[in-house]
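Accompanying notes for the structure given below.
In the numbering used here, the protein residues as written are 182 to 248.
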């Protein structure tokens with residue numbers, strides 16, 4: 182995930198999105214709680230209080246991130 186200032190296009194923050202929990206060889210979940218960045222299946226929502234809500238990673242986890 183990357184936060185970008187709309188006016189200046191400056192990157193404000195970035196962080197991997199998704200974990201290795203459901204990824205592994207031959208479709209076998211590794212269950213490793215490592216943030217690696219995974220394919221994204223949709224977008225998130227940001228609230229007026231700067232809380233970013235997203236549940237679109239392939240690891241089936243709903244995340245609430247205070248930005």
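Beta carbons are placed, not taken as given, at the ideal position from N, Cα and C, and that holds for glycine.
Values in this document were obtained by computation on a predicted structure and should not be read as measured data.
Secondary structure of residue i, DSSP reduced to three states
i: residue 233; result: strand
i: residue 214; result: strand
Spatial neighbours of residue i in its chain, beta-carbon cut-off 6 Å, leaving aside the 5 residues before and after
i: residue 194; result: 184
i: residue 216; result: 197, 200
Counterpart residues of residue i in DSSP-defined beta bridges
i: residue 184; result: 194
i: residue 246; result: 233
i: residue 209; result: Note: residue 209 sits in no beta bridge, so no partner.
i: residue 221; result: 238
Beta-carbon separation (whole angstroms), residue i vs residue j, contact threshold 8 Å
i: residue 240; j: residue 202; result: 5 Å
i: residue 242; j: residue 200; result: 7 Å
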